[in-house]
Amino acid sequence: MKTPPLFYGLSVSGLIFLYAPILLLIIFSFNAARFSPIWEGWTLHWYGQLVTDRALWAATQNSLLVGVSSTLIALGFGVGAAFVLERERYTGTRVVDGIVMLPLVIPEIMMGVALLLFFVLTDMPLGLLTITIGHGIFSLPLVIVIVRARLQKLDPQLIEAAHDLGANPWQAFRLVTFPLLWPAIISAALMAFTVSLDDFVITFFITGPGATTLPLYVFSMIRTGISPAIHALSTLLVVTSMILISLSFVLQRK
Amino acid sequence: MSQPLTKSSTIPPKRSVSKSSFSLWLSWPLVPALVMFIVFFVIPLVMMLGISFASRDTYGRIAWLWTLSNYERVFDPLYWTLYMRSAVLSVLTTGCCLVLGFPLAYAIARAPAHFQRVLLVLVMIPFWTSFLVRTYAWIFILRTEGLFNTILIKWGILTQPLEILYTNSAVLLGLVYGYLPFMVLPLYVVIERISPVLEEAAYDLYAGKWMMFRRIILPLAKPGIIGGCLLVFVPSLGAFITPYLLGGGKTMMLGTLIQHEFLVIRDWPFGSALSFILMAIVLVVLAGLVKRTSGIAPVA
Numbered sequence: 003m004k005t006p007p008l009f010y011g012l013s014v015s016g017l018i019f020l021y022a023p024i025l026l027l028i029i030f031s032f033n034a035a036r037f038s039p040i041w042e043g044w045t046l047h048w049y050g051q052l053v054t055d056r057a058l059w060a061a062t063q064n065s066l067l068v069g070v071s072s073t074l075i076a077l078g079f080g081v082g083a084a085f086v087l088e089r090e091r092y093t094g095t096r097v098v099d100g101i102v103m104l105p106l107v108i109p110e111i112m113m114g115v116a117l118l119l120f121f122v123l124t125d126m127p128l129g130l131l132t133i134t135i136g137h138g139i140f141s142l143p144l145v146i147v148i149v150r151a152r153l154q155k156l157d158p159q160l161i162e163a164a165h166d167l168g169a170n171p172w173q174a175f176r177l178v179t180f181p182l183l184w185p186a187i188i189s190a191a192l193m194a195f196t197v198s199l200d201d202f203v204i205t206f207f208i209t210g211p212g213a214t215t216l217p218l219y220v221f222s223m224i225r226t227g228i229s230p231a232i233h234a235l236s237t238l239l240v241v242t243s244m245i246l247i248s249l250s251f252v253l254q255r256k
Numbered sequence: 147m148s149q150p151l152t153k154s155s156t157i158p159p160k161r162s163v164s165k166s167s168f169s170l171w172l173s174w175p176l177v178p179a180l181v182m183f184i185v186f187f188v189i190p191l192v193m194m195l196g197i198s199f200a201s202r203d204t205y206g207r208i209a210w211l212w213t214l215s216n217y218e219r220v221f222d223p224l225y226w227t228l229y230m231r232s233a234v235l236s237v238l239t240t241g242c243c244l245v246l247g248f249p250l251a252y253a254i255a256r257a258p259a260h261f262q263r264v265l266l267v268l269v270m271i272p273f274w275t276s277f278l279v280r281t282y283a284w285i286f287i288l289r290t291e292g293l294f295n296t297i298l299i300k301w302g303i304l305t306q307p308l309e310i311l312y313t314n315s316a317v318l319l320g321l322v323y324g325y326l327p328f329m330v331l332p333l334y335v336v337i338e339r340i341s342p343v344l345e346e347a348a349y350d351l352y353a354g355k356w357m358m359f360r361r362i363i364l365p366l367a368k369p370g371i372i373g374g375c376l377l378v379f380v381p382s383l384g385a386f387i388t389p390y391l392l393g394g395g396k397t398m399m400l401g402t403l404i405q406h407e408f409l410v411i412r413d414w415p416f417g418s419a420l421s422f423i424l425m426a427i428v429l430v431v432l433a434g435l436v437k438r439t440s441g442i443a444p445v446a
């Protein structure tokens, strides 16, 4: 059966549409021209400008801190939950299953404003802590989905075999389940970290004084005016996300 | 074999019987996740619902006087243009994503097996990169002194730069660009399941390409089409970054209005009421999605 060439043409244009803006941004981050989008030769000047930007370093530090802590929270809470949701199929877990996935489907702005109201009404000072909590909440379903997908593929007979060979539940987990599960856990961690690193909308609502993350910094740069330095920072962010997420995809396949 | 096999003999012979009584006890790892979830997700939403019925005092703070006036204001004709724009842009985004996404999903589903995964990953990767940065890329391209205008003027195709940025078209473009992967994924899942044999059978029975598409592919792909459309429609309706950055003040949508009420005007009760209307629409749409596409596994 031949696929009509029109379909290939359209699908190639679809991929070009998805990648062209990013590629153009990357290319022009090396452009020597300051104001015009006309090519005036290669330069690393804009990257150099980023290196000496103190505020940017602070934002990077904040982003890393929030990313690592929210990922650890999501893993700590999510992996165990994934086990239960996968193994125990009574009505209660089914309902929980549906509700826990909600942050993935409702518009981000809803979570942003709801968390803002919550933190203000409970007198929690807005800052890195509130951002970390917010990121933890939307990373949690990601971890649960990925770890569950791997658990579904596990052969239950392997665990039964471990029990038959005299392993207690903890030993069976440590020696059989965990080694088979770790690629999924790392994959989930990479995904949670990437999502935290890139999140703008929710962070925008629950940030406080001094708690600038990288996307918030990019946003403030965009508002002050278009400059090739934004292209450079954007390039670094996009390339980092692409590497992390590709690693995550590779590990999910393992 | 001098050691007695004490451990294995302690395993209950009928595990299936003991399992149900263990079930609840074994569910403890769910508790911390559930508590975190209730505290930082369910309770904030409930608070928001409560505040949407509250009023503001003269200093703009929340006053706990119950009122329906926030919801009355939601239906003020003042906002109708904004609602219409949100609805029309979301529907158009969905339509454009379907037209662009269907051929892409079809080509991926009919590609050689080892290519399929690579292509799917290629479609998904942009989705996992910063939405803010990808939207910014469009500002760089579309603005008056941007790449698009500069090149077209240089080539002599345009004499005057086109004002695309800060229009509805720019917002539409940004939304389609951002949410296209949401359309491709569910479509791929259903099309991949349609056996090419069915297509051949249709051709053997003298169906033309269009006839084959309309009578074979379209009906079988229907759950994926519905799923993809809803997955694009929901985030488009609540979109914030795209209308904010590409639309500017002139082309506000529901998401930008909510942000404006919360962070600029600080009318939290009215902002909450707006958010709840949005939430209600989203939940109705999602309930429809779950009901009509229960055969499709969700893909993260």
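Chains A and B are the protein sequences, given in the same order. Under this note's numbering, think of the first position of the first sequence as 3, with each following residue one higher. Under this note's numbering, think of the first position of the second sequence as 147, with each following residue one higher. A virtual CB, placed ideally from N, CA and C, is assigned to each residue, including glycine. Just so it is clear, the structure is predicted and the values come from calculations on it, not from any experiment.
Closer than 9 Å at the beta carbon, the chain A residues around residue i
i      : result
B:M194 : M112, V115, A116, L119 and F120
B:W414 : V115, L118, L119 and V122
Partners in chain A for residue i, counting only beta-carbon separations shorter than 8 Å
i      : result
B:G394 : Residues of chain A passing the Cβ test: none, with the nearest at roughly 12 Å.
B:A179 : F79, G80, G82, A83, V102, L142 and I146
Cβ of residue i within 8 Å of any chain A Cβ
i      : result
B:S167 : Here B:S167 scores only 45 on pLDDT, less than 50, and its place in the model should not be relied on; the value that follows carries that caveat. No, its Cβ sits nowhere closer than 8 Å to a Cβ of chain A.
B:P389 : no
B:L432 : yes
B:L268 : yes
B:I404 : yes
B:L250 : yes
B:L326 : yes
B:S421 : yes
Alpha-carbon spacing of residue i relative to residue j, whole angstroms
i      : j      : result
B:Q111 : B:T227 : Residue 111 of chain B falls outside the range modelled here, since chain B spans only 147 to 446, and no answer is possible.
A:P171 : A:T179 : 10 Å
A:L26  : B:I254 : 25 Å
B:G247 : A:V149 : 29 Å
B:S201 : B:R207 : 8 Å
B:M230 : B:L238 : 12 Å
B:S276 : B:L288 : 19 Å
A:M113 : B:C242 : 27 Å
A:L238 : B:L409 : 29 Å
A:A22  : B:L265 : 16 Å
B:H406 : B:R412 : 8 Å
B:G196 : B:S421 : 12 Å
B:E306 : A:S15  : Correcting the residue type first, residue 306 of chain B is Gln in the shown sequence and not Glu. Approximately 27 Å between the Cα atoms of the pair.
B:P381 : A:V107 : 8 Å
B:A426 : B:Y349 : 45 Å
A:T62  : A:S222 : 14 Å
B:S315 : B:Y390 : 13 Å
B:T213 : B:F416 : 11 Å
A:V2   : B:L403 : Chain A is shown from 3 up to 256; residue 2 of chain A falls before or after that span and cannot be answered.
Neighbour list for residue i in chain B, Cβ cutoff strictly below 7 Å
i      : result
A:P217 : S276 and L278
A:T196 : W274
A:L123 : M193
A:I135 : F186
Minimum Cβ-Cβ distance from residue i to chain B less than 8 Å
i      : result
A:L249 : no
A:D55  : no
A:L239 : yes
A:V220 : yes
A:G210 : no
A:L17  : yes
A:F202 : yes
A:L20  : yes
A:M244 : yes
A:S229 : no
Chain-ordered neighbours of residue i on chain A, where CB pairs are closer than 7 Å
i      : result
B:P175 : G82, A83, F85 and V86
B:L424 : P109 and M112
Partners in chain B for residue i, counting only beta-carbon separations shorter than 8 Å
i      : result
A:L26  : A283, F286, I287 and L293
A:Y10  : A253
A:V68  : Within 8 Å Cβ-Cβ: nothing; A:V68 doesn't reach chain B, min ~15 Å.
A:I139 : M182, F183, F186 and F187
Cβ separation of residue i and residue j, assumed to be a contact under 8 Å, to the nearest whole Å
i      : j      : result
A:S248 : A:S141 : In fact, because the Cβ distance is near 19 Å, the residues do not count as touching under 8 Å.
B:T388 : B:L278 : At roughly 10 Å, the Cβ-Cβ gap does not stay under 8 Å, so B:T388 and B:L278 are not in contact.
B:M329 : B:L244 : 6 Å
A:V1   : A:I24  : For chain A, the structure presents residues 3 to 256; residue 1 of chain A sits outside this window and is missing.
A:V98  : B:L180 : 6 Å
A:F251 : B:P178 : Going by Cβ atoms, the distance from A:F251 to B:P178 rounds to 28 Å, so no, they are not a contact pair.
A:D55  : A:H137 : Not quite, the Cβ-Cβ distance comes to about 24 Å (not below 8 Å), so this is no contact.
Contact set between residue i and chain B, taken where Cβ atoms lie within less than 9 Å
i      : result
A:F180 : Near A:F180 there are no residues of chain B at all, since even the closest Cβ is about 14 Å away, more than 9 Å.
In chain order, what are the residue ranges of uninterrupted alpha helix (DSSP H) at least 4 long that sit wholly in the region 341-425 of chain B?
Counting whole runs of 4 or more residues, the region 341-425 of chain B contains the alpha helix (DSSP H) stretches 342-350, 355-358, 368-383 and 400-405.
Counting only runs that start and end within the region 105-153 of chain A, where is the alpha helix (DSSP H) found for 4 or more residues in a row?
Runs of the alpha helix (DSSP H) inside the region 105-153 of chain A: 110-123.
Output the residue ranges of the alpha helix (DSSP H) runs that lie fully inside the region 23-110 of chain A and measure 4 residues or longer, sorted by chain position.
Within the region 23-110 of chain A, the complete alpha helix (DSSP H) segments at least 4 residues long are 47-53, 56-89, 93-102 and 104-107, listed from N- to C-terminus.
Alpha helix (DSSP H) runs contained entirely in the region 186-239 of chain B, provided each spans 4 or more residues:
If one requires a minimum length of 4 residues, the alpha helix (DSSP H) runs lying completely within the region 186-239 of chain B are 189-197 and 215-220, in chain order.
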